[in-house]
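The opening position of the sequence shown corresponds to residue 1 in the UniProt record's numbering, with each subsequent residue numbered one higher.
Only one structure is covered here, and it is reproduced in the block below.
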Amino acid sequence: MWSLTKLEGTSLNIAITCASGAGFMLFGYDQGFFGGILTNTAFLNEFNNPGATMRGQIVALYDVGCMMGCLVSMYYGDMLGRKPETAEASRRGALIVFQLVMNIGGISLTNWMNYGFTFIPGTEVSWRFPIAFQIFFALVTVSLVWFLPESPRWLVQRGRTDEASVIIARLRAKPTHDPNVLAEIQMLDAAVALEMEEQHGVTVKEIFSGGKQQTLRRILLGMGTQFMQQMGGTNVVATYLPVVLTASFSLSARVALIVSATVSIWLMIWGAMCALVIDSVGRRKLMLYGAAAESICFALIAAGLAVNTNPTLIMAIAFIYLYYTAYGLSFLSIPFIYPAEINSQRMRNTGTSWSTMTNWALAYLVISVTPVGIQNIGWKYYLIYAITNAVFVPLVYFFYVETKKPSLE
């Protein structure tokens, strides 16, 4: 009888990617649905038409929960394991990019769903159903992950080398005695032995130390990618685009949701294109070009809103699409790849947890202040992100190293 537990090779890798992708769709759906619901009059009436500050907190509290999850992962991730850490070095970037495209797919879905419910305005179902629908992606993820193999790296770290060998053989569709499988196991053994030889627990002192492995520098570089993603303005447009389009561009709620949905599809396309170039062009160059292009786009969006004529507003909307082109090819995916690649095996869970916590902390900040910023300073608010992106260009150039191709060991 066919079973998920008997998959191997390409089919097993596809199953792992789909399980992770479903989780990322949930991630994207959660990010996107409140931006649309905040244009829903039934929802706003139900909660007594909250002001800009309260709207920011309604959306941003999601990020507080995510920060708490990162803290739990930091302390219990090594104990519990991590199912999807199984990609080969040659395909790692492309597979992670695919997962981030699924994230944008979740945002796109919620925009189209919110648009559909504009045809039954004033009803509770128009905002209650989108909130309840989140459970679908959670159930899919839990159902698939239950049958998937554990991370070979984590198993080796726990001394379960024989199990890791069997899983690597399944992932590569080769027997356990194949030379490539044996070589990969030996590499894992050597990497874990080297990094765990002194002690088993990661200490605060070790996190803030330098030494040969430059631990603190690695952690800060990983956190920096997440800092650049959030302070580059992604959540201004990803989370709040329907609100931005109604408040800054004076579009109707329905038209704003249509534009938001098409923009998210545009981002999915360019996010998918990133999978074709990320392992050849490299992470560093894409961040350099991406930050420069994002800075130009935000500057021209602000200029179009400042002039405030029909042609300049159309130009500003066009540059939202171009912003997503640059973002999809760079900071959509790289902040979720780079921290795992730059940190050592021993510090990977700690480093990626701190990086992701940085993402959520700054997402909370940006999401909290965006409604207030748009309300109080209008087009000048978008200039902030033109400036931050411009600053990121020399930051990447002088401090970031390339991490493409080498294995995680």
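Positions of the beta carbon are idealized from the N, C-alpha and C atoms, including for glycine.
On a predicted model such as this, the values are computed, not experimentally measured, just so you know.
- Message: I need the boundaries of the alpha helix (DSSP H) containing glutamine 226, first residue and last residue.
- Response: 215 to 231
Residue from Val281, Ser355 and Thr370 with nearest C-alpha to arginine 217:
Ser355
Check: Can you tell which of Ala42, Ala291, Val277 and Trp266 has the C-alpha that lies nearest to the C-alpha of valine 125?
Finding: Ala42
**Item:** Neighbourhood of arginine 170 by C-beta distance below 7 Å, restricted to the same chain and skipping five residues each side
**Value:** Glu8, Leu12 and Pro149
| Would glycine 282 pass as a contact of lysine 174 if the rule is Cβ separation under 8 Å? | no
Quick check on DSSP: helix, strand or coil for proline 84? With a pLDDT of 46 at proline 84, under the threshold of 50, the predicted position of this residue should be treated as unreliable, and no value is reported.
Practice problem: Answer with buried or exposed for asparagine 389, where buried requires no fewer than 16 other C-beta atoms within 10 angstroms of its C-beta. | Solution: buried
- prompt: Which residue comes first and which comes last in the alpha helix (DSSP H) that contains methionine 25?
  reply: 9 to 37
Query - Ranges of the alpha helix (DSSP H) found wholly within the stretch 259 to 297, counting only runs of at least 4 - result: none
CB serine 20 to CB glutamine 134, shorter than 8 Å?
no
| Mind checking whether alanine 302 and leucine 383 have CB atoms under 8 Å apart? | yes
**Prompt:** How big is the Cα-Cα spacing for glutamine 157 and alanine 253?
**Reply:** 52 Å
If you drop the 5 nearest sequence neighbours on each side, which residues of the same chain put their C-beta closer than 8 Å to that of leucine 71?
Ser353 and Met357
Secondary structure, alpha helix (DSSP H): runs of 4+ residues fully inside the stretch 102 to 135
125 to 132
(message) Looking at the secondary structure, which residues open and close the alpha helix (DSSP H) in which tryptophan 146 lies?
(response) Here tryptophan 146 belongs to no alpha helix (DSSP H), and DSSP marks it neither H nor E.
- Query: Does DSSP put tryptophan 379 in a helix, in a strand, or in coil?
  - Reply: coil
### Query
Would DSSP call valine 391 helix, strand or coil?
helix
How many angstroms separate the CA atom of leucine 251 from the CA atom of glutamate 46?
23 Å
Looking at the secondary structure, which residues open and close the alpha helix (DSSP H) in which residue 461 lies? Nothing can be reported for residue 461, as the shown portion of the chain is limited to 1 through 409.
Starting from leucine 44 and walking both ways along the alpha helix (DSSP H), at which residues does that stretch end? 41 to 46
From what residue to what residue does the alpha helix (DSSP H) around arginine 170 run? 161 to 172
Apart from the five residues just before and just after leucine 26, which ones in its own chain have a Cβ nearer than 8 Å to its Cβ? Gly106, Gln134, Phe137, Ala138 and Thr141
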